[in-house]
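So for the sequence shown, the numbering used here puts the first residue at -5; every next one is plus one.
Have a look at the structure below, then the notes.
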Amino acid sequence: MSLSRTFVHRPTATLIFFLAITLMGLVSLKFMKLDLMPDMEIPVITVVTVYPGASPEDVEKNVTKVLEEQLSTVSGVDEITSKSQENISTVTLKFDWDTNLAEASNDIRDKIGLAKRFLPDDVEEPFLFKFDMSMIPVMFMSIQSTPERYPTLRQFAEDHIVNPLKNLPGVAQVQMFGGLVRQVRVELDRQRIEETGVTYDAVKGVIATANVSTPGGDLTVNDTTFLLRVPGELGRPQELEGLVVGMNPNTGAVVHLRDIATVTDTTEEQTFFAVGKNGPSLMLMVQKQSSANTVTVGRAVLKRLDNLKKTLPKDVEIVLVMDFTKNITRTIDNLTQTVTTGGVLVIIVILLFLRNFKGSLIMAITIPTSMVVSFLFMYLKGYTINMISLTSLSIAIGMVVDNGIVVLENIFQHLGRGERPREAAVAGTQEVLGAIMASTLTTVAIFFPVLFVGGVVGIMFSQMAFVITFTLLTSLLVAMALVPTLSGLLLNHKKPRWIFGWFFDKSELAFTSLEAGYRWLLTLALHNKLITFTIIAAVSLSSILLVPYVGTEYMPQMDSGSIQAFVELPPGTKAQVTEKYVKELAARIQMEVPEVRTMMTLWGQNKNGGLMSGAQQGDNYGQVMVALIDKKDRRRTAQQIAESLQHLTTLFPGASIKILMQDQGAQMMGGQAKPVSIEIYGENDQVAASLANTLEAGLKSIPGVTNIQISRKDGNPEMGVILDRDKASLTGVNMYTAGNTVRTAFNGQIVSRYRENGKEYDIFVRLDPEDRRSLKDLMDLRIPTVTGRFIELGNIATLNQHQGPIAIERKNQQRIVKVEADIMGRDVGSISEDVEALLKTIQVPDGFQILMGGARKDQQESFGLLILAMILGVLLVYFVMAAQFESLRDPFIILFTIPFAMLGALWGFVISGQTLSMLSFVGLIMLVGIVVNNGIVLVDFTNLLRERGLGVIDAVTRGGTSRLRPVLMTTVTTICGMIPLAMSTGEGSEMWVAMATVIIGGLTVSTFITLFFVPVMYTFFEQGRQRRADRRKGRRMDQRRLEIIAMEEKS
-5 MSLSRTFVHR PTATLIFFLA ITLMGLVSLK FMKLDLMPDM EIPVITVVTV YPGASPEDVE
55 KNVTKVLEEQ LSTVSGVDEI TSKSQENIST VTLKFDWDTN LAEASNDIRD KIGLAKRFLP
115 DDVEEPFLFK FDMSMIPVMF MSIQSTPERY PTLRQFAEDH IVNPLKNLPG VAQVQMFGGL
175 VRQVRVELDR QRIEETGVTY DAVKGVIATA NVSTPGGDLT VNDTTFLLRV PGELGRPQEL
235 EGLVVGMNPN TGAVVHLRDI ATVTDTTEEQ TFFAVGKNGP SLMLMVQKQS SANTVTVGRA
295 VLKRLDNLKK TLPKDVEIVL VMDFTKNITR TIDNLTQTVT TGGVLVIIVI LLFLRNFKGS
355 LIMAITIPTS MVVSFLFMYL KGYTINMISL TSLSIAIGMV VDNGIVVLEN IFQHLGRGER
415 PREAAVAGTQ EVLGAIMAST LTTVAIFFPV LFVGGVVGIM FSQMAFVITF TLLTSLLVAM
475 ALVPTLSGLL LNHKKPRWIF GWFFDKSELA FTSLEAGYRW LLTLALHNKL ITFTIIAAVS
535 LSSILLVPYV GTEYMPQMDS GSIQAFVELP PGTKAQVTEK YVKELAARIQ MEVPEVRTMM
595 TLWGQNKNGG LMSGAQQGDN YGQVMVALID KKDRRRTAQQ IAESLQHLTT LFPGASIKIL
655 MQDQGAQMMG GQAKPVSIEI YGENDQVAAS LANTLEAGLK SIPGVTNIQI SRKDGNPEMG
715 VILDRDKASL TGVNMYTAGN TVRTAFNGQI VSRYRENGKE YDIFVRLDPE DRRSLKDLMD
775 LRIPTVTGRF IELGNIATLN QHQGPIAIER KNQQRIVKVE ADIMGRDVGS ISEDVEALLK
835 TIQVPDGFQI LMGGARKDQQ ESFGLLILAM ILGVLLVYFV MAAQFESLRD PFIILFTIPF
895 AMLGALWGFV ISGQTLSMLS FVGLIMLVGI VVNNGIVLVD FTNLLRERGL GVIDAVTRGG
955 TSRLRPVLMT TVTTICGMIP LAMSTGEGSE MWVAMATVII GGLTVSTFIT LFFVPVMYTF
1015 FEQGRQRRAD RRKGRRMDQR RLEIIAMEEK S
């Protein structure tokens, strides 16, 4: 007994089985998390080390190189890059994608432990930064108030806003930027400290040791054990004034801290500024825990904010600047609507083709069944509901009905011959079972190579492969079991009545005419093979001419509803000057962009290492964050708005201004490299600078290149204090003591922390501002000697003024300078070709190397992997078809549909204006598995007719005509399922429009070619085989005649 017969004759068990797995799928859907992108672990770990007060060159020499030497031995490291800038060293290790990052982190910590003994004493503890999808901010908000409240706003916000948000389930941290931070400041009076003979180190040591609590062990008295504790922490900042810091060698009097310094309970010097619509503000950034649902966390934060707003004073306001959870929900809602619309279109197409309400109802049942069951597999696999998984379902929705259509259409043919419904269901299913299994397996087979592709391509699209594979396998099971079961229960021989009867008669006439026309054209093509081949070859060759008009890029940019403007002024510019420029730029943007929803202006240097969103840090840097209104409410995309503002990049002479769209899709993938990035390797700074300037000039001549930037720039003017070792030795000055004294006096140092009400505040020691205003103040600074005397710095040192780089970048332990740029109005591929032509004109000196990096490099690597996956996929598809047909020839014929599908995709690119990206390339790979299905159906049925005794021409003609409707139905349903994807304009649509366009274009052209070219090729090969067989048979007959004649002659 066949499997289909078992299902058909046990309808109750069959229906219960499918109902059960459908319910399990719905339950699984309820427990799945919602996110924008699949969970992925980016194989990157960064080691951040703070070296307070150090120049970029000192950071490179004393910290970065030391760490690089040790970290380069970590197992699995693919690439090491570093950046040394003022106060901070960042060393980034990029690993192979299959590396266990937990083990790598432990290895890194061990290597850091080995490097510590070679690091300067005042370097802070290096810490690891491992990129995680949860680190991407959930939202940004600003806390705004009146100028009167601003000095205490940070403390108020921490107590009444930040802490309540931190306590929410799923919230990892809430970072606060800007505002005034409380600080206990000890400002030394230079004259008094010199008169008393107290050293800077003595002051720091006394404060540090006087603000500690010491455990004293335990004491047992009368069988009772007491823990001993010696509390020594400060009760209030003013207690510092009474500390004894030394003795006056001239008078013998005790010197208290109040005698040489002023102690004030104040705030830190503000270096980072944020301004909202109402004036000075704070910026809050909310991040979620890695295991938390992004959308759930966002909703909880918004709900808590609504409650907090009711309790806030009138002069404090919370303004939501950017909420990325809204982008996620809108993108998911857009895709959900796309899936629903595609499903409705598919059902309408089926009704139009089948012209049978019950048959269409059967197919309408199979669509949600196949789709919902896929959620069960996704849940078991640990996937989230995200853009990739929903795009996969959108692509699959038009294909899940293909098998059912072929089965149902064949069942209708058997019913038309008078067979009973159940027998027609079994016979109709069995007759096409091999074809639908082969067509499903070919589509599934194309995804297997993607599973073995590494990098972000494999991570992103292994989920797509899994979802589509199991959805199609479920649809195969549905076609084999549920469709024949429901057909046996619902279908009959009755002709449709009422309006369906009228529609049946009219549409049947149309389909009959279509089949007759196709039969005539096919017969004409079969009898004029040469003309057919010539026409197809001409169309193909002319289509190839379109290749230069198709642009390429790594990933399409995703409109997240925000743009950012970055301002860079000459090094040494004061923060007050930067403020003026940034505010002017913000005002111009507000004036020219009516789509602005809210705006935040930032400038200066954040204590934690720079502005947010990857911006540069320093008093001469500023940033404008612009949140736009919803995409559905504006006519322009964020990219178009950014392009319209490019004239503002020349607003201020001497300032560098960049205005860009914020690409959330790239952020969710760990960041995306610059579209244009040229890497210059070499140790000579002057030569590297000359090459960079030459490349910058060359890039300016390339159309579409904008925002050109050289990574190595001059930093703030530096004054080097050059100690004379001989003089220092003769006078008894220790080099470390001299440097540390200068550092304490002019930079200041945190020597301890004051604790109050569970909070900690820095105790900061530095010279009074009046004593550190000029170079004379620096050279008159008295340095202690080993004999207890003092000597002025000017007696043992000279000054050397120069301007060092703002940052020094290295890659694989070599200095590197990058020339990077953005692009507008052109694709990455065409601009990269112009850039590569430019590089060929550059004379590269010995010891230097110039390479292309950035998005071009990522694109080439990804495309290489995808081309390999496509080649392997084609081979697997061929193997599956060869196994199905037990023939090497028939699959070879069907493979001819693939090149024509590529031509159709090419036309799709040109007509729609889309580019070939990593996403659309995956669409090409899927196209390979889809387009062969129609050929399989035609060849399989033609072979069946040949087995029944029909001649080649009759079998091909009848097979093509008989399979015309199911071929058109499967094609049109697949296309209609993807039309909503291709026409989508909502949030996130940039990521899937090109993929759907590729499949629609390729499937349209390949279907038309399949209907004519495959039958012609089949006939060509089959007639050739017959002629060869006839010749072999003729030779055998001739040989037999000769043998008979020879025998007769002997007799």
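Glycine included, each C-beta is placed from N, C-alpha and C at the ideal position.
| Query | Result |
| --- | --- |
| Tell me whether the beta-carbon of ILE389 lies closer than 8 angstroms to the beta-carbon of MET864. | no |
| Tell me whether PHE1086 is buried or exposed, calling it buried when 16 or more other Cβ atoms sit within 10 Å of its Cβ. | No answer is possible for residue 1086: it lies beyond the span of the chain, which begins at -5 and ends at 1045. |
| Using a 10 Å radius around the Cβ and a threshold of 16 neighbouring Cβ atoms, would you call LEU234 buried or exposed? | buried |
| Could you tell me the alpha carbon to alpha carbon distance between MET606 and LEU278, rounded to whole angstroms? | Per-residue confidence for MET606 stands at a pLDDT of 46, beneath the threshold of 50, marking its modelled position as unreliable; the derived number appears in the next sentence. Their backbone Cα atoms lie some 11 angstroms apart in a straight line. |
| On the three-pair Cβ rule with 8 angstroms, is the segment 509 to 517 touching the segment 946 to 961? | yes |
| Would you check if the segment 690 to 697 and the segment 716 to 735 touch, i.e. whether three or more CB-CB distances between them fall below 8 angstroms? | no |
| Is ASP115 helix, strand or coil when you go by DSSP? | coil |
| Of the choices PHE560, LYS668, TYR373 and GLY164, whose alpha-carbon is the least far from that of VAL21? | TYR373 |
| For ALA294 and ARG148, what's the separation of their Cα atoms in angstroms? | 23 angstroms |
| Using only CA atoms, which one of PHE560, GLU673, LEU645 and GLU578 lies nearest to GLN617? | PHE560 |
| What's the gap between the Cα of ILE525 and the Cα of PHE1007? | 12 angstroms |
| Between ASP884, ILE969, LEU866 and TRP901, which has its C-alpha nearest ILE919's C-alpha? | LEU866 |
| At which residue ranges does the segment 9 to 86 contain complete alpha helix (DSSP H) runs of 4 or more residues, listed in the order of the chain? | 50 to 53 and 59 to 65 |
| For THR1046 and ARG1019, I'd like the C-alpha separation in whole angstroms. | Absent from the model: residue 1046. The displayed extent of the chain is -5 to 1045, so no value can be given. |
| What number of angstroms, rounded off, separates the C-alpha of ASN751 from the C-alpha of VAL206? | 16 angstroms |
| If you scan the segment 157 to 244 from start to end, which runs of the alpha helix (DSSP H) of 4 or more residues do you find wholly inside it? | 157 to 160, 184 to 190 and 194 to 203 |
| Whose CA, out of ARG103, PHE857, ILE905 and TYR730, lies closest to the CA of LEU913? | PHE857 |
| Let's see if you can read the secondary structure: which residues bound the beta strand (DSSP E) around GLN617? | 612 to 622 |
| Tell me the DSSP secondary structure of ASN710 in three-state form. | strand |
| Cβ of VAL904 within 8 angstroms of Cβ of TYR543? | yes |
| Does the beta-carbon of THR463 have 16 or more other beta-carbons within 10 angstroms, so that it is buried, or is it exposed? | buried |
| Across the segment 820 to 834 and the segment 398 to 408, are there enough close Cβ pairs to call them in contact, namely three or more that are closer than 8 angstroms? | no |
| Please report the straight-line C-alpha distance between GLN655 and LEU299, rounded to a whole angstrom. | The sequence given here has Met at residue 655, not Gln. Approximately 28 angstroms, taken between the alpha carbons. |
| Among residues of its own chain, excluding the 5 on either side of GLN281, which ones have a beta-carbon nearer than 8 angstroms to its beta-carbon? | SER128, MET129, ILE130, PRO131, VAL132, VAL165, ALA166, GLN167, VAL168 and GLN169 |
| Tell me which residues share the same chain as LEU314 and place their Cβ nearer than 6 angstroms to its Cβ, disregarding the 5 neighbours each side in the sequence. | MET135 |
| Determine the closest residue to CYS970 out of ILE887, THR334, GLN64 and ALA432, with distance taken between C-alpha atoms. | THR334 |
| Taking the alpha-carbon of ILE201 as reference, which of ILE994, ARG883, THR835 and VAL759 has the nearest alpha-carbon? | VAL759 |
| Check whether the Cβ atoms of LEU466 and THR436 lie closer than 8 angstroms to each other. | no |
| Grab me the residues of GLY1059's own chain with a C-beta within less than 6 angstroms of its C-beta, minus the 5 sequence neighbours each way, in chain order. | Only positions -5 to 1045 of the chain appear in the structure, and residue 1059 is not among them; the question remains open. |
| Starting from LYS124, trace the alpha helix (DSSP H) both ways and give me its first and last residue. | That residue, LYS124, is in no alpha helix (DSSP H); its beta strand (DSSP E) goes 121 to 124. |
| Using three-state DSSP, classify GLN807 as helix, strand or coil. | coil |
| Taking Cβ positions, are ALA473 and ILE430 nearer each other than 8 angstroms? | yes |
| Taking the continuous alpha helix (DSSP H) assigned at THR436, which residues delimit it? | 415 to 439 |
| Using only the alpha-carbon positions, how far apart do LYS626 and ASN927 sit? | 38 angstroms |
| Taking 8 angstroms as the cut-off, decide whether the C-beta atoms of ILE39 and SER99 are in contact. | yes |
| Where GLU54 and LYS707 are concerned, what is the direct C-alpha to C-alpha distance, given to the nearest angstrom? | 15 angstroms |
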